[in-house]
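Per the numbering used here, the very first residue in the sequence shown carries number 14; after that it's consecutive. The beta-carbon is built from N, C-alpha and C at its ideal position, and this holds for glycine as well.
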Amino acid sequence: MNASLLTVTDVDGREATLGSAPAAGSAGRVTLRLDSGERMEIDPSLLERHDDGTYYFPVAFSSLTVTGETVRIPILEERLNVSKRVRETGRVRIKKLVETHEEMVDEPLLREDVEIQRVPVGRYVDEPLGVRREGDTTIIPVLEEVLVVEKRLLLKEELHVTKRRTEVREPQRIALRKEHVEVERLAPTDDTPESRIEP
């Protein structure tokens, strides 16, 4: 290859040459010459310049298609496909052992005893009594309902009697008997002694 020509290497390591170095910021195209003698024009922005003056072309020359004066460059993109897979790297066997040993324990223990004493009272109260304490003694009252029978006079009602005097006339016919005495004078007879009757 002519030393004045610039070398371009594709992704497959295949080389091509450039007639001239692409100008920085140039909007034009550069001519690329393949080993087969085929020429094509490409966008210089696709070239990556190395420190040694060579260029790198990120596409394989064999994938370029030339139709007339048009070069078709496939645009490739690598995408990351991440997957996870479970892989056994080893096994662990765990064995648990129980060890028994004795220890002396001497701790004081508290025990309480309860003494219950029944104290008769026999006293009537007006209301329930609560639990009370007298020193160390707890007094719990025991109540019982008893039936109380009592007789009392109940004034159920009053009768109010009022005397009213009313004069009423009731005409009636009543038969009354009255005795009268009639005296008849008779002539004396010969055999009747003479007598005198005063009226």
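Pick helix, strand or coil for L59, following the three-state DSSP scheme. helix
Given a cut-off of 7 Å, decide if M53 and L60 are closer than it, judged by their beta-carbon atoms. no
Could you tell me whether the Cβ atoms of A34 and L19 are closer together than 7 Å? yes
Could you give the distance in angstroms between the alpha-carbon of E101 and the alpha-carbon of I107? 17 Å
Go to I152, then tell me how far its beta strand (DSSP E) extends in each direction, as first and last residue. 150-152
Return the residue from the list L31, F74, D64 that minimises the CA-CA distance to P57. L31
Would you report the Cα separation of I152 and L123, rounded to the nearest angstrom? 23 Å
Taking the beta strand (DSSP E) that E28 belongs to, which residues open and close that run? 28-31
Residues that M53 bridges to, as DSSP identifies them: L45
My parser needs the beta strand (DSSP E) runs of 3 or more residues fully inside the stretch 97-150; what are they? 145-147
Residues that DSSP places opposite V21 in a beta bridge: A29, Y68
Please report the distance separating the alpha-carbon of L199 from that of K191. 26 Å
Alpha-carbon spacing of G135 relative to V162, whole angstroms: 18 Å
Nearest to V43 (by Cα), restricted to the options H114, F70, D65, E128: F70
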